[in-house]
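In my numbering, the protein residues as written are 393 to 502. Worksheet: the structure to be examined is printed underneath.
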């Protein structure tokens, strides 16, 4: 799958700094009903969610709708219902993530 570079960096499991380099300074992340604005808040969210859920995301599909790039991933970890399929909806500007919304994938036939 040929993901944009910023999205590849986001899914980098090895380096938090590499993952964070994908975000614009003023980026917004929406996850589990919460909104995180700016790199400092996004870094804290990422660290806390990794510690709490100890999860792994395995992207398996990508599609675009307008200016949103969606990555569909199998996500497994320490949370009820694991594994699940999540959609990561990215909005990019100048090779940086400016918005990310994470939610359950709407799978046909489910």
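A virtual CB, placed ideally from N, CA and C, is assigned to each residue, including glycine.
Taking the alpha-carbon of residue i as reference, which of the options has the nearest alpha-carbon?
i: residue 448; options: 406, 493 and 395; result: 406
i: residue 441; options: 480, 470 and 450; result: 470
i: residue 450; options: 411, 409 and 478; result: 478
i: residue 423; options: 480, 499 and 476; result: 480
i: residue 468; options: 434, 496 and 408; result: 496
Go through its chain and collect everything with a Cβ distance to residue i's Cβ below 8 Å, but skip five positions before and after it.
i: residue 427; result: 420 and 421
i: residue 410; result: 401 and 404
i: residue 460; result: 481, 482 and 483
Counting only the same chain and skipping the five closest in sequence on each side, list residues whose C-beta sits under 6 Å from that of residue i.
i: residue 492; result: 421 and 482
i: residue 429; result: 420
Ignore the nearest five residues each way along the sequence and tell me which others in residue i's own chain have a CB closer than 7 Å to its CB.
i: residue 398; result: 414, 484, 487, 488 and 489
i: residue 452; result: 464, 465 and 466
Distance, Cα to Cα, residue i vs residue j?
i: residue 462; j: residue 400; result: 13 Å
i: residue 472; j: residue 445; result: 10 Å
i: residue 504; j: residue 402; result: Since the first residue shown for the chain is 393 and the last is 502, residue 504 is missing from the structure and cannot be characterised.
i: residue 416; j: residue 432; result: 11 Å
i: residue 396; j: residue 476; result: 23 Å
Identify whether residue i lies in helix, strand or coil by the three-state DSSP scheme.
i: residue 441; result: helix
i: residue 465; result: strand
i: residue 411; result: helix
i: residue 456; result: strand
Quick one: does residue i have its CB under 7 Å from some CB of chain C?
i: residue 457; result: Although the question refers to chain C, the structure presented lacks it and comprises just one protein chain.
Return yes when the Cβ of residue j is within less than 7 Å of the Cβ of residue i, no when it is not.
i: residue 393; j: residue 454; result: yes
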